[in-house]
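Asks:
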Amino acid sequence: MPRPLPDDPMIRSLVLQARRAQMSRRAVLAGATGGAAALALAACAPGGSTAPTAAPDESDTDKTLRWANWPAYLDEDDDGNHPTLDAFIAQTGIDVSYLVDVDDNNTYYGKVKDQLALGQDIGADTVCLTDWMVNRWIRLGYTQELDDANIPNKKNLAPELVDVSFDPGRKFSLPWQGGFAGLAWNKEKVPAGLESVSDLWKPEFKGRVGVLSEMRDTIGLIMSEQGVDISGDFSEDQFQAALDVFRQNVESGQIRNVKGNSYLDDLTNEDTLVAIAWSGDISVINAEAGDKWQFAIPSGGGALWNDNFLIPIGSTHKKNAETLIDYYYQPEVAAEVAAWVNYITPVVGAKEAMMDIDPELAEDQGIFPDEETLSKVKVFRALSAAEEQSFSTAFQGVLLGA
Amino acid sequence: MAFGAFGGSPATTPASDAAPRRGGLIALFLLLPGAAYLSLFFLVPLVSLILTSFQAVDPNAFEIGKFVYAFQWQNYVDVVTTYWPHILRSFGYAALATVLALLFSYPLAYVIGVKLRRFPLLQALALTLVIAPFFISFLLRTLAWKQIFSDEGVVVTALQALSLLGPADHLTGTPFSVIFGLTYNFIPFMTLPIYTSLERLDLRYVEAGGDLYASPASTFLRVTLPLSLPGVVSGTLLTFIPASGDYINASRDFLGSTDTAMIGNVIEANFLQLQNYPAAAALSIVLMAVILVLVGAYVRRSGTEDLL
Numbered sequence: 000m001p002r003p004l005p006d007d008p009m010i011r012s013l014v015l016q017a018r019r020a021q022m023s024r025r026a027v028l029a030g031a032t033g034g035a036a037a038l039a040l041a042a043c044a045p046g047g048s049t050a051p052t053a054a055p056d057e058s059d060t061d062k063t064l065r066w067a068n069w070p071a072y073l074d075e076d077d078d079g080n081h082p083t084l085d086a087f088i089a090q091t092g093i094d095v096s097y098l099v100d101v102d103d104n105n106t107y108y109g110k111v112k113d114q115l116a117l118g119q120d121i122g123a124d125t126v127c128l129t130d131w132m133v134n135r136w137i138r139l140g141y142t143q144e145l146d147d148a149n150i151p152n153k154k155n156l157a158p159e160l161v162d163v164s165f166d167p168g169r170k171f172s173l174p175w176q177g178g179f180a181g182l183a184w185n186k187e188k189v190p191a192g193l194e195s196v197s198d199l200w201k202p203e204f205k206g207r208v209g210v211l212s213e214m215r216d217t218i219g220l221i222m223s224e225q226g227v228d229i230s231g232d233f234s235e236d237q238f239q240a241a242l243d244v245f246r247q248n249v250e251s252g253q254i255r256n257v258k259g260n261s262y263l264d265d266l267t268n269e270d271t272l273v274a275i276a277w278s279g280d281i282s283v284i285n286a287e288a289g290d291k292w293q294f295a296i297p298s299g300g301g302a303l304w305n306d307n308f309l310i311p312i313g314s315t316h317k318k319n320a321e322t323l324i325d326y327y328y329q330p331e332v333a334a335e336v337a338a339w340v341n342y343i344t345p346v347v348g349a350k351e352a353m354m355d356i357d358p359e360l361a362e363d364q365g366i367f368p369d370e371e372t373l374s375k376v377k378v379f380r381a382l383s384a385a386e387e388q389s390f391s392t393a394f395q396g397v398l399l400g401a
Numbered sequence: 000m001a002f003g004a005f006g007g008s009p010a011t012t013p014a015s016d017a018a019p020r021r022g023g024l025i026a027l028f029l030l031l032p033g034a035a036y037l038s039l040f041f042l043v044p045l046v047s048l049i050l051t052s053f054q055a056v057d058p059n060a061f062e063i064g065k066f067v068y069a070f071q072w073q074n075y076v077d078v079v080t081t082y083w084p085h086i087l088r089s090f091g092y093a094a095l096a097t098v099l100a101l102l103f104s105y106p107l108a109y110v111i112g113v114k115l116r117r118f119p120l121l122q123a124l125a126l127t128l129v130i131a132p133f134f135i136s137f138l139l140r141t142l143a144w145k146q147i148f149s150d151e152g153v154v155v156t157a158l159q160a161l162s163l164l165g166p167a168d169h170l171t172g173t174p175f176s177v178i179f180g181l182t183y184n185f186i187p188f189m190t191l192p193i194y195t196s197l198e199r200l201d202l203r204y205v206e207a208g209g210d211l212y213a214s215p216a217s218t219f220l221r222v223t224l225p226l227s228l229p230g231v232v233s234g235t236l237l238t239f240i241p242a243s244g245d246y247i248n249a250s251r252d253f254l255g256s257t258d259t260a261m262i263g264n265v266i267e268a269n270f271l272q273l274q275n276y277p278a279a280a281a282l283s284i285v286l287m288a289v290i291l292v293l294v295g296a297y298v299r300r301s302g303t304e305d306l307l
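Going down the list, the protein sequences come from chains P and Y. Residue 390 in numbering that gives the first Met the number 0 is what sits at position 391 of the first sequence, and the numbering runs on without skipping anything. Residue 205 in numbering that gives the first Met the number 0 is what sits at position 206 of the second sequence, and the numbering runs on without skipping anything.
1) For chain P, find out if any of its Cβ atoms is closer than 8 Å to the Cβ of Gly91 of chain Y; answer yes or no.
2) Got a sec? Which residues, its chain only, sit under 6 Å from Arg255 of chain P by beta carbon, not counting five neighbours each side?
3) Measuring CA to CA, which of Y:Phe270, Y:Tyr246, Y:Leu271 and Y:Asn269 is closest to Met261 of chain Y?
4) Taking 8 Å as the CB-CB limit, is Leu271 of chain Y close to chain P?
5) For Phe185 of chain Y, name the three-state secondary structure that DSSP assigns.
6) Could you tell me whether any Cβ in chain P is nearer than 8 Å to the Cβ of Pro32 of chain Y?
7) Thinking Lys65 of chain Y and Asp57 of chain Y are a contact (beta carbons under 8 Å), I'd like their distance in whole angstroms, please.
8) Using beta carbons (cut-off 8 Å, strictly below), is Glu269 of chain P in contact with chain Y?
9) According to DSSP, simplified to helix, strand and coil, what is Phe40 of chain Y?
10) For Asp325 of chain P, which option in P:Leu145, P:Leu220, P:Ser261 and P:Leu373 has the closest C-alpha, if you only look at C-alpha atoms?
11) For Gln395 of chain P and chain Y, any beta-carbon pair shorter than 8 Å?
12) Could you work out which residues of chain Y lie near Leu139 of chain P, taking near to mean beta carbons separated by less than 9 Å?
13) Any beta carbon of chain P sitting closer than 8 Å to that of Val311 of chain Y?
14) Could you compute how far the alpha carbon of Leu38 of chain P sits from the alpha carbon of Leu39 of chain Y?
15) Please list the partners that Tyr82 of chain Y has in chain P, where partner means a Cβ-to-Cβ separation under 9 Å.
16) At a Cβ threshold of 8 Å, is Thr392 of chain P touching chain Y?
17) State the start and end residues of the unbroken alpha helix (DSSP H) segment that holds Ser96 of chain P.
18) Taking only runs that begin and end inside the stretch 100-148 of chain P, name each unbroken alpha helix (DSSP H) of 4 or more residues, in chain order.
19) Which runs of the beta strand (DSSP E) fall wholly inside the stretch 136-210 of chain Y and span at least 3 residues, in chain order?
20) Can you tell which of P:Ser58, P:Ser383 and P:Phe367 has the C-alpha that lies nearest to the C-alpha of Ser278 of chain P?
21) What does the Cβ neighbour count give for Val98 of chain Y, buried or exposed, with the cut at 16 atoms within 10 Å?
22) Can you tell me which of P:Ala241, P:Lys153 and P:Asn285 puts its alpha carbon nearest to the alpha carbon of Val196 of chain P?
23) Along the chain, where does the beta strand (DSSP E) containing Pro106 of chain Y start, and where does it finish?
24) Could you please give me the residues that DSSP links to Thr63 of chain P through a beta bridge?
25) Pick out whichever of Y:Ser104, Y:Tyr109 and Y:Ile63 has its Cα sitting closest to the Cα of Gly109 of chain P.
26) Which same chain residues end up closer than 7 Å to Ile221 of chain P when comparing Cβ atoms and leaving out the 5 residues on each side of it in sequence?
27) Just the chain Y side, please: which residues come within less than 8 Å of Asn105 of chain P by C-beta, in chain order?
28) I'd like to check one pair, Lys114 of chain Y with Phe253 of chain Y: are the Cβ atoms closer than 8 Å?
29) Compare the C-beta of Lys110 of chain P with all C-beta atoms of chain Y and state if any pair is closer than 8 Å.
30) So Trp339 of chain P is in the alpha helix (DSSP H); what residue range does that whole segment cover?
31) For a contact defined as C-beta to C-beta under 7 Å, what are the partners of Glu408 of chain P on chain Y?
32) Taking Thr171 of chain Y as the query, report the chain P residues whose CB atoms sit under 7 Å from its CB, ordered along the chain.
33) Within the 8 Å Cβ cut-off, does Asn74 of chain Y reach chain P?
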């Protein structure tokens, strides 16, 4: 006969929690002795669909922070130091390890999803991921709610990015950097340039067209061309109509390359002459391989994406992460980062701060888009799990020729 | 006996026949580390893979990448009906690459193993050259070929000038470049086992063939080739098995395109992009099963003289 639970709710919940932990440990042990099959089961994520609970915050006693981010996404000097981050460490005494761990949303998610489902530490206290992946994390309860009191500079967030469909009011995420998907072309081989997405389907470009393997960018641009508002409540048929155009052009050989980050190789070796591309990249290859390419938002409209700070559910350094986010939402710091990474900064006032660093960059539409540029781009709306599954299966089907 | 072929030695004698029976316990004890290793690093993942391949979508809450254990054998039907062209293509490409690699490797191995025997220094140098590509990451080597075959590159321009290639034709992203990449990447794996066989070839047999009035061609067919068969068999296996599961060469990021996707690319897309783990697992099992059947039949057949 087990003892009755204590009355105090605090102790009660602790006892319950301890019991649960015991149960699962026993289950794992049983699995280990029960042969390979059970072991395999125990090693996999649990099938339960309950959302994990947030880890306790130890920020006040433990001044450390692990930040996982994409390559070439933070200012860096010739010695490989990050000046803005070093200043933050000196200012706050929080020891930040900067981890370049993310090179693909899906692959990163695949690596950490089992720990997330269990509410465990994933080896990072804050991570920057793209809108649609952030949407999935929030949907599954894999993130901790941000405490606005710790992020007073949140007021500097660009107004158009506040009420996004996957996180209205930005309770769980804040943008780090963003970019456009639009058209790019080789100025030497295609002097006339491109106006709209349908220019890509001209017969003279057959076999020399490259598009992105990021579904929301490629299909998003085609949908915009067809007059669909990609941030609005579009239907499955409208998505299918754009996918059909994509499939036809892949099957006819019009589109030869469908790639992720490596599409830049095709632009430089000129297998690809006209492409759907990301804005920041074109400035990078123009600087590296001669001023040969031009980027433009298509007449039908471009796509805007952001990579956003998140605090994973298992992080025990939430407040430290919030302090870091707050630091990067100061216009001067944001300008310093933007001057190096060449992506769109979400921080209002960074443009003015940039005037002091590099007035020419302050006019760059790829970093500080004005109202007119912003009016031509849309953010792909948040998809439900079922939509995401059906759309990406169809899209991957085209990529595999299936 | 079939797996004696992997040894690459034509003279392996079954030593176990002579071994005394009472060493049984010690033999078992000595087997222990190997058995533990196999069960931990082969059996456990395999069982986990099989279990995953039968998983079904969580009926209570649909979410991407979330599956529950079930016995959904339809997963296998689904992947085979959707991806059978990719399965066929994989084995077709792999078989072609194996044959091509054999055509390149046999003469190469023959020269190094037989003709260069009198010049040990040259032989060592030639062997080093065969292995030399391994000093560079194979990803980089494959990417280098992509650069060499690019539309504005020397190869394509030259072929177009010779009218061997139409003005709008290209090489990257075609079956040609994928099979080329597979052949290129696996030539060392084919050459080395054949070399090991040929290097031990007793030249007196060849001499005897000549003494018995056999033409050089028939001496080669009746003496040299059969004696080097173990090397050929292990070389073809070392090429065919990894080549059929290869996903680098056929990947869109390397030498392939949307119409050259092989089974490895399908598994990658299902696993990493779609988070459809059951489909990826089922495909892996199918791939493994087909390879086992093909290789089993091949080894059985090549174990006899019927091959010639």
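Note that the Cβ used here is the ideal one computed from N, Cα and C, for glycine as well.
Replies: Per the coordinate set shown:
1) no
2) Gly206
3) Y:Tyr246
4) yes
5) helix
6) no
7) 5 Å
8) yes
9) helix
10) P:Leu145
11) yes
12) Glu62 and Lys65
13) Coverage of chain Y is limited to positions 0 through 307, which leaves residue 311 of chain Y absent and any answer about it impossible.
14) A caution first: Leu38 of chain P carries a pLDDT of 39, below 50, which makes its placement in the model too unreliable to give a value.
15) Leu399 and Ala401
16) yes
17) Run containing Ser96 of chain P: none in the alpha helix (DSSP H); it sits in the beta strand (DSSP E), Asp94 to Val99.
18) 104-117 and 130-139
19) none
20) P:Phe367
21) exposed
22) P:Ala241
23) Where Pro106 of chain Y is concerned, there is no enclosing beta strand (DSSP E), although the alpha helix (DSSP H) it sits in stretches over Gln73 to Gly112.
24) P:Asp94
25) Y:Ile63
26) Val196, Ala241, Val244 and Phe245
27) Leu271, Gln272 and Gln274
28) no
29) no
30) Pro330 to Val340
31) For residue 408 of chain P there is no data in the structure shown, the boundaries of chain P being 0 and 401.
32) Asp270
33) no
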